[in-house]
Amino acid sequence: MTRYLARRLLQMVPLVFGISVVLFLVLVAAPGDPTDLLLAGNPRVRAEDVRLLRKIYGLDDPLHVRYLKWLRAAVRGDFGYSRIYKVPVMDLVAERLTNSLSLTLPSFLLAVAVALPVGIYSALHQYSAVDYAATFFAFFGVSVPAFWFGILLIYLFAVQLRWLPPGGFSTPGVPEGWPMLLDRIRYMVLPVLVLSFLSMAALTRYTRASMLEVIRQDYIRTARAKGLAESVVITKHALRNALIPIVTVFALLIPGLFAGAPLTETVFSWPGVGRLLVEAVLGGDYAVAQAALLFLSILVLLANLLADVAYALLDPRIRYD
Amino acid sequence: MRNGGRILTVGMLLVLPGLALAAPAVRPAVAPDTVVVGTQQEPANIGILFCDGCTMFVGTMIATPLFVPVVELTDEWKWQPVAVEKLPNLKDGDWKLLPGGKMEVTWRLRRGLRWQDGRPLTAEDFIFAWRVNVNPRFPSAGRDVSERVENIRAPDPYTLVVQWKKKYAFANLTVNGVGYLPRHLLAGAYQRDPSKLPQNPWGTSEQTAGTGPYRIVEWRKGSSITLERWDRFPYEAVGGSWRARAQVRRLVFRFVPDTNTQVANVLAGTVDVFDETAIPFVQGLELEKRLQREGRLGQEWVLRAEPGLIWEHVDLNVDNFHLRDKRVRQALVYGINRELIVQQLFEGKQPVSHGPFPPKHYGYNPNVKKYPYDPARARQLLAEAGYRPGPDGVLVKDGQRLSLTFMTTAGNRTREAVQQIVQQQLREIGVEIRIQNQPARVYFGETLPSRKFDMAMYAWVFNPISDCEGIFTGDTLPPQGQNYTGWKNEEATRLCHAVPEELDEAQRARMLRRFQQIYAEEMPVIPLYFRADYVGWKALLRNLRPTGADSPITWNVTNWAWAR
Numbered sequence: 005m006t007r008y009l010a011r012r013l014l015q016m017v018p019l020v021f022g023i024s025v026v027l028f029l030v031l032v033a034a035p036g037d038p039t040d041l042l043l044a045g046n047p048r049v050r051a052e053d054v055r056l057l058r059k060i061y062g063l064d065d066p067l068h069v070r071y072l073k074w075l076r077a078a079v080r081g082d083f084g085y086s087r088i089y090k091v092p093v094m095d096l097v098a099e100r101l102t103n104s105l106s107l108t109l110p111s112f113l114l115a116v117a118v119a120l121p122v123g124i125y126s127a128l129h130q131y132s133a134v135d136y137a138a139t140f141f142a143f144f145g146v147s148v149p150a151f152w153f154g155i156l157l158i159y160l161f162a163v164q165l166r167w168l169p170p171g172g173f174s175t176p177g178v179p180e181g182w183p184m185l186l187d188r189i190r191y192m193v194l195p196v197l198v199l200s201f202l203s204m205a206a207l208t209r210y211t212r213a214s215m216l217e218v219i220r221q222d223y224i225r226t227a228r229a230k231g232l233a234e235s236v237v238i239t240k241h242a243l244r245n246a247l248i249p250i251v252t253v254f255a256l257l258i259p260g261l262f263a264g265a266p267l268t269e270t271v272f273s274w275p276g277v278g279r280l281l282v283e284a285v286l287g288g289d290y291a292v293a294q295a296a297l298l299f300l301s302i303l304v305l306l307a308n309l310l311a312d313v314a315y316a317l318l319d320p321r322i323r324y325d
Numbered sequence: 004m005r006n007g008g009r010i011l012t013v014g015m016l017l018v019l020p021g022l023a024l025a026a027p028a029v030r031p032a033v034a035p036d037t038v039v040v041g042t043q044q045e046p047a048n049i050g051i052l053f054c055d056g057c058t059m060f061v062g063t064m065i066a067t068p069l070f071v072p073v074v075e076l077t078d079e080w081k082w083q084p085v086a087v088e089k090l091p092n093l094k095d096g097d098w099k100l101l102p103g104g105k106m107e108v109t110w111r112l113r114r115g116l117r118w119q120d121g122r123p124l125t126a127e128d129f130i131f132a133w134r135v136n137v138n139p140r141f142p143s144a145g146r147d148v149s150e151r152v153e154n155i156r157a158p159d160p161y162t163l164v165v166q167w168k169k170k171y172a173f174a175n176l177t178v179n180g181v182g183y184l185p186r187h188l189l190a191g192a193y194q195r196d197p198s199k200l201p202q203n204p205w206g207t208s209e210q211t212a213g214t215g216p217y218r219i220v221e222w223r224k225g226s227s228i229t230l231e232r233w234d235r236f237p238y239e240a241v242g243g244s245w246r247a248r249a250q251v252r253r254l255v256f257r258f259v260p261d262t263n264t265q266v267a268n269v270l271a272g273t274v275d276v277f278d279e280t281a282i283p284f285v286q287g288l289e290l291e292k293r294l295q296r297e298g299r300l301g302q303e304w305v306l307r308a309e310p311g312l313i314w315e316h317v318d319l320n321v322d323n324f325h326l327r328d329k330r331v332r333q334a335l336v337y338g339i340n341r342e343l344i345v346q347q348l349f350e351g352k353q354p355v356s357h358g359p360f361p362p363k364h365y366g367y368n369p370n371v372k373k374y375p376y377d378p379a380r381a382r383q384l385l386a387e388a389g390y391r392p393g394p395d396g397v398l399v400k401d402g403q404r405l406s407l408t409f410m411t412t413a414g415n416r417t418r419e420a421v422q423q424i425v426q427q428q429l430r431e432i433g434v435e436i437r438i439q440n441q442p443a444r445v446y447f448g449e450t451l452p453s454r455k456f457d458m459a460m461y462a463w464v465f466n467p468i469s470d471c472e473g474i475f476t477g478d479t480l481p482p483q484g485q486n487y488t489g490w491k492n493e494e495a496t497r498l499c500h501a502v503p504e505e506l507d508e509a510q511r512a513r514m515l516r517r518f519q520q521i522y523a524e525e526m527p528v529i530p531l532y533f534r535a536d537y538v539g540w541k542a543l544l545r546n547l548r549p550t551g552a553d554s555p556i557t558w559n560v561t562n563w564a565w566a567r
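If you're matching them up, the sequences are chains V and D in order. Per our numbering, the very first residue in the first sequence carries number 5; after that it's consecutive. Per our numbering, the very first residue in the second sequence carries number 4; after that it's consecutive.
Structure below.
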């Protein structure tokens, strides 16, 4: 297992390198460059000002020179400065990541906490009222767009009922400590609700489907036939097997936690990494886009590895050597 | 089950509007000593106003309470001295013409102004800012005015003598084309690397010491900036509206990127003010109607949409086979019912324009050739130009169909709506319009500078002293300038280059009026309308006076006050 892990991690090195080349080329291939938007609608900007800016940013260097410059700095851990925010990229990404995690992690946990029991119950009581209700909400959750659902919640809870703030991050002037924490939670409720509702829907369906498949297997019938208690049949025999595909789904959801949620973060004015990424791409802030995307790619690779390892732990038939 | 779902969803939607339980938002959003301003974008840098890529407008709005201005533009478009004793003028002799077209302008700074770290604000800070801005290694996006200055001297810490290389009409409104910077804080960093100056903590963090009646206390990147009243500000030492002691203790600028969420913030009362960038015009119109319907307009919220200096228009590429003929260009303008467009889309609140300058501009000419909707006249002009109907109804000349591509920024709903009306109306005079839109970056970055368009809709953002040099002069086609239409007229070019050097305002206005006459006759554009942007504030908040010009809503922030 250790050798397997070492081999997989080593394989990631050339892969990450390749990804960085592709990312760089894709970002550079996008039409226009960061100085373009300067010109838009501003009659005072002169052509020579733009030329000077291009020189200062090194935009006129050949592609490979620009890439090597970036790579040389990146291996030292220096990802440059954000052109939009004027701060080091790593500081910016780290701060936004913390903000995103404070939304995505609670919503993931909430989603799992609801989806697993509901999915299992639905499967065991197929076509019951609860199953229908769960299926309805699951389809609703899968179908509604995040931004629409977000606006709906804002309208209901912020505009009409005024229970919660309509987006934002904190109330200015709230003293630090408990009041600030409580204040932050008030701002988190709606976006967490939107995010968890959306992933809850899919997770419920996966759990239900996986569980349904397992409980029809012969070994479950055998377990029941040999007189085991129903709770033991479900938890020991059915659930453990049903979990195998579900764990993969969970593991693959992990990079998503770090990717943030661009739409939800935008609707709720939450300064997360998803929104940052969108702003960076639209605003031509290459240093930020490149660093954030590379970081997310590494997370996807790690999550895949994690899923494979989890397989082995759950399924005794799978062994890595 | 499917039906059940549908009924449930419809039911939910029906119940929602009925839930208006809460009291109206007539209170301050946070506290009676705080004003929360909702805006769309976060500025990159609030210290160096002319840095690259600064979301300039928002930057100025937040910087204004932090930095006492040299002069201010009031809501009546009058210039008043603030940090200086007076505006120089030719009569008093502090603005002198020198041989060879050079000039010398003398400014006297008011005494008693300080940086918030205690150091006095002196002439050296102006000289330093100017040196920075003309340094080619500093990423400035606006050095055109600064480069007209030859040298600046400071005979004493409160006197500035500015030598201009050539005449500049507005040398009494700006000391050096850039303002001032804290030399004592930035000189070291500047020496090390001028290109990194916009990344200095001064300007990008809470460490931005200012000179104004407010100081920055918190900057949450991506969320908000909080300013607090600086009680050591020398009110008695300044002029203009800045003499009034600030009443609001705390100002919060909250960044709300999504415009629907911004509207929700207004309806819920969680912002007290929103600026020009916060809510697009069409959504503002809907918001206004809704507040009216609910009886909240005027009671709770005051909304204003002043047509300003943003000119929406369609550039016509005069190098196009069809568009190089003046008669075709004129026919296009006659063929579009612009009055109908502004009535249908904006309820008339964004007025039709007949040229680049709005009526409030000092050089505005009301007596230019106008092009009311007249399809018959349009057809006649096209016939005179040699066009005959082709087999599919589209006009043809020399075997070429009168078919034009019409571009604008993709995803801009208002512009797309205008395009469709234009397309339909021009079809009736036999002109085929092919709509082909692009993302803003491609459009402004490649298409316009390379002039690869027939018709291109966008806006120019002017200010009260804007003139016609650079975009209407025949020797400033890209890459030399931003004359995207490619229109070249000798007299207009001469006039437009001369305007910034004419010191007599009346004469300058005459030149601009003549330019507008030529422009209206030649019509290298389709003038559409002047944009109005909504600004709003809670009715309880007093003394907000939007200027409709490029100065931000915070220009008189020390006058703002909550009604008791």
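Even for Gly, the Cβ is constructed at its ideal location relative to N, Cα and C.
With 8 Å as the threshold, decide whether the Cβ of residue i is near any Cβ in chain V.
i: P142/D; result: yes
i: P503/D; result: no
i: Q520/D; result: no
i: L24/D; result: With a pLDDT of 42 at L24/D, under the threshold of 50, the predicted position of this residue should be treated as unreliable, though the coordinate-derived value follows. Answer yes: the Cβ-Cβ gap between L24/D and chain V drops below 8 Å somewhere.
i: A34/D; result: yes
i: A281/D; result: no
Taking all protein chains shown into account, decide if residue i is buried (16 or more other Cβ within 10 angstroms of its Cβ) or exposed.
i: F21/V; result: exposed
i: P195/V; result: buried
i: T102/V; result: exposed
i: G264/V; result: buried
i: M5/V; result: exposed
i: I322/V; result: exposed
i: F70/D; result: buried
i: Y3/D; result: Since the first residue of chain D shown is 4 and the last is 567, residue 3/D is not available in this structure.
i: N634/D; result: Given a span of 4 to 567 for chain D in the structure shown, any question on residue 634/D remains unanswerable.
Does the CB of residue i have a neighbour CB from chain D at under 8 Å?
i: V163/V; result: yes
i: I88/V; result: yes
i: F254/V; result: no
i: G177/V; result: yes
i: V32/V; result: no
i: I189/V; result: no
i: L303/V; result: no
i: V146/V; result: no
i: F173/V; result: yes
For residue i, which residues does DSSP report across the bridge?
i: Q295/D; result: Answer is none; Q295/D lacks a bridge partner.
i: R188/V; result: Answer is none; R188/V lacks a bridge partner.
i: W110/D; result: L163/D
Which residue comes first and which comes last in the alpha helix (DSSP H) that contains residue i?
i: R195/D; result: 186 to 195
i: N268/D; result: 262 to 271
i: R327/D; result: No alpha helix (DSSP H) holds R327/D; DSSP gives it neither H nor E.
i: P170/V; result: No alpha helix (DSSP H) holds P170/V; DSSP gives it neither H nor E.
i: S363/V; result: A question about residue 363/V goes unanswered here, because the residues of chain V that appear run from 5 up to 325.
In terms of residue numbering, what span does the beta strand (DSSP E) encompassing residue i cover?
i: V528/D; result: 528 to 541
i: H316/D; result: 304 to 319
Does DSSP put residue i in a helix, in a strand, or in coil?
i: E180/V; result: coil
i: L310/V; result: helix
i: E435/D; result: strand
i: D159/D; result: strand
i: I155/V; result: helix
i: G41/D; result: strand
i: Q130/V; result: coil
i: V32/V; result: helix
### Task
Below 8 Å between beta carbons is the criterion; list the residues of the stretch 249 to 265 of chain D that meet it against any residue of chain C, in chain order.
Looking at the structure shown, chain C is missing, and the protein chains on hand are V and D.
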